[in-house]
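S.K.: In the numbering used here, the protein residues as written are 2 to 165.
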């Protein structure tokens with residue numbers, strides 16, 4: 002009987018040691034890193050905080066600035082410019098969206114009832130930026146726009162090209 006109780010206590014202790022405590026997600030603010038300016042009237046400041054990766058050199062971040070719109074079957078985009086600015090005295094960059102407005106679309110005849118909600122982006126997005134978990138990616142965008150992003154990572158498998 003004592004052996005069974007001892008085995009049960011050992012299994013409970015082993016299970017407790019094997020599970021790591023769950024750390025609560027720390028809420029970050031862009032100003033924790035550097036004194037980024039507050040958003041101007043009519044603008045919203047967005048900050049992308051990335052988790053640390055084992056190999057950050059193999060990852061890139063694609064940033065999309067736009068808004069959800071009800072669109073037809075045509076291809077739509079917004080017009081506007083995204084300017085990269087430097088945080089004076091720190092050497093860090095942030096991005097400001099300037100002059101965003103409804104842009105262009107193709108002019109195909111669409112069947113009726115083909116409207117759908119879609120995230121429409123500024124046509125000249127900044128593309129991809131380097132992955133850096135130590136520094137937030139900060140954007141200042143007009144209030145009617147939002148910032149979305151996705152992380153792209155290279156596959157660990159490197160393939161050989163065929164010599165022809």
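Glycine included, every Cβ here is placed at the ideal spot set by N, Cα and C.
Cα separation between residue 157 and residue 127?
M.R.: Taking the first residue of the chain shown as position 1, residue 157 is located at position 156. Taking the first residue of the chain shown as position 1, residue 127 is located at position 126. So the two alpha carbons sit approximately 26 Å from each other.
S.K.: Grab me the residues of residue 80's own chain with a C-beta within less than 8 Å of its C-beta, minus the 5 sequence neighbours each way, in chain order.
M.R.: Against the chain shown, residue 80 aligns to sequence position 79. These residues qualify, in order along the chain: 100, 101, 102, 103, 104, 105, 123 and 124.
S.K.: In three-state terms, what does DSSP make of residue 24?
M.R.: Residue numbering aside, residue 24 sits at position 23 when the chain shown is read from its first letter. Low local confidence applies: a pLDDT of 35 at residue 24 is under 50, so the model's placement there is unreliable, and no value is given.
S.K.: Return the bridge partner residues of residue 105 from the DSSP annotation.
M.R.: Start at 1 with the first residue of the chain shown, and residue 105 comes out as number 104. In the DSSP output, where bridge partners are listed per residue, residue 105 has none listed.
S.K.: So residue 84 and residue 64 are in contact, right, with Cβ under 8 Å, and what is the actual spacing, rounded?
M.R.: To locate residue 84, count along the chain shown from 1; it is residue 83. To locate residue 64, count along the chain shown from 1; it is residue 63. 14 Å between Cβ atoms; not a contact.
S.K.: Compute the Euclidean distance between the alpha carbons of residue 108 and residue 114, then round it to the nearest angstrom.
M.R.: As a working mapping, residue 108 is identified with position 107 in the chain shown. As a working mapping, residue 114 is identified with position 113 in the chain shown. Taking the straight line from one Cα to the other gives about 16 Å.
S.K.: Mapping the DSSP letters down to three states, classify residue 31 as helix, strand or coil.
M.R.: Locating residue 31 in the chain shown gives position 30, where the first residue counts as 1. Residue 31: helix per DSSP, three-state reduction.
S.K.: Can you have a look at residue 1 and say buried or exposed, based on whether 16 or more other CB atoms are within 10 angstroms of its CB?
M.R.: Outside the modelled stretch of the chain, which goes from 2 to 165, sits residue 1, for which no answer is possible.
S.K.: My understanding is that residue 66 touches residue 148, with C-beta atoms under 8 Å, so please give their C-beta distance in whole angstroms.
M.R.: On the chain shown, position 65 is the one that residue 66 refers to. On the chain shown, position 147 is the one that residue 148 refers to. At roughly 5 Å, the Cβ-Cβ gap stays under 8 Å, so residue 66 and residue 148 are in contact.
S.K.: Drop a sphere of 10 angstroms on the beta-carbon of residue 31, count the other beta-carbons inside from all chains shown, and report buried for 16 or more, exposed for fewer.
M.R.: Looking up residue 31 in the chain shown gives position 30. Buried, by the Cβ-count rule.
S.K.: Just to confirm the assignment, what range does the beta strand (DSSP E) spanning residue 49 have?
M.R.: Against the chain shown, residue 49 aligns to sequence position 48. Looking at the DSSP string, the run of the beta strand (DSSP E) that includes residue 49 is 44-49.
S.K.: Is the segment 132-141 touching the segment 45-63, taking contact as three or more C-beta pairs under 8 Å?
M.R.: yes
S.K.: Going straight from the alpha carbon of residue 75 to that of residue 118, what length do you get?
M.R.: Locating residue 75 in the chain shown gives position 74, where the first residue counts as 1. Locating residue 118 in the chain shown gives position 117, where the first residue counts as 1. If you take the alpha carbons of residue 75 and residue 118, they lie about 12 Å apart.
S.K.: Can you list, in chain order, the residues of its chain whose CB lies under 8 Å from that of residue 112, leaving out five sequence neighbours each side?
M.R.: The residue given as residue 112 occupies position 111 in the chain shown. Closer than 8 Å at Cβ, skipping near neighbours: 74.
S.K.: Looking at C-alpha atoms only, which residue of 37, 155 and 163 is the closest neighbour of residue 86?
M.R.: Here residue 86 refers to the residue found at position 85 of the chain shown. Taking only the C-alpha atoms, the option nearest residue 86 is 37.
S.K.: Below 8 Å on the Cβ atoms is my guess for residue 121 versus residue 47; work out the distance and round it to an integer in Å.
M.R.: If you number the chain shown from 1, residue 121 lands on position 120. If you number the chain shown from 1, residue 47 lands on position 46. Actually they do not touch by this definition, with Cβ atoms about 17 Å apart.
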